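*Asks:*
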Amino acid sequence: MIVSNSTVLIYLAKIGKLGLLKKLFKKIMIPAEVFNEVVIRGKELQNFDAFIVERSVEEGWIEVKDITANEELESFGIDLGEAQAISLAKTLGVPVLLDQTHARIAARALGSRKG
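Numbering of the sequence shown is given in the numbering used here, commencing with residue 147 and proceeding in unit increments.
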């Protein structure tokens, strides 16, 4: 199991490789804000990757979790989706997939394992 932020899901879906995450990790956890960023806002913009990620959620191998972001993360200037992903990974004790350098720094500072 691993936690993912938005960008990883979006770009893997865009290139038709989202299934790699399933093969590698079996279960992907995402916070509610990542779902909102990728699926809800993505569908509003008619981004095809949003529909792919939504189907993966419906299939059950991507699971959405409600979580409150750790307040310490605000000082790193990361967005809510990244903050929730880091907090979720720390809560579950699993690695987190991040694409932004400042988000990885924040995850290390909070003691999360990065993927």
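Glycine residues also receive a C-beta, built at the ideal position from the N, C-alpha and C atoms.
Everything numeric in this text was worked out from a predicted model, so none of it was measured.
#1: Grab me the residues of Val185's own chain with a C-beta within less than 6 Å of its C-beta, minus the 5 sequence neighbours each way, in chain order.
#2: Does the beta-carbon of Lys163 have 16 or more other beta-carbons within 10 angstroms, so that it is buried, or is it exposed?
#3: Only counting the same chain, and skipping five residues up and downstream in sequence, which positions put a Cβ closer than 6 Å to that of Ala229?
#4: Is it buried or exposed, Lys236, if we count other Cβ atoms within 10 angstroms and call 16 or more buried?
#5: For Phe194, count neighbouring C-beta atoms within 10 Å of its own C-beta (all shown protein chains included) and say buried if the count is 16 or more, exposed if not.
#6: Starting from Val154, trace the alpha helix (DSSP H) in both directions and tell me its first and last residue.
#7: Specify, as a first and last residue, the run of the alpha helix (DSSP H) that Val203 falls within.
#8: Please name the residue or residues paired with Leu243 in a DSSP beta bridge.
#9: Is the beta carbon of Asn151 less than 8 Å from the beta carbon of Gly206?
#10: If you measure between the beta carbons of Val242 and Val149, is that distance less than 8 Å?
*Replies:* For this structure:
#1: Ala196, Val199, Glu200
#2: exposed
#3: Ala215, Leu219
#4: Buried, since its Cβ has 16 or more Cβ neighbours within 10 Å.
#5: exposed
#6: 152-160
#7: 194-205
#8: Ser150
#9: Going by C-beta atoms, Asn151 is not nearer than 8 Å to Gly206.
#10: yes
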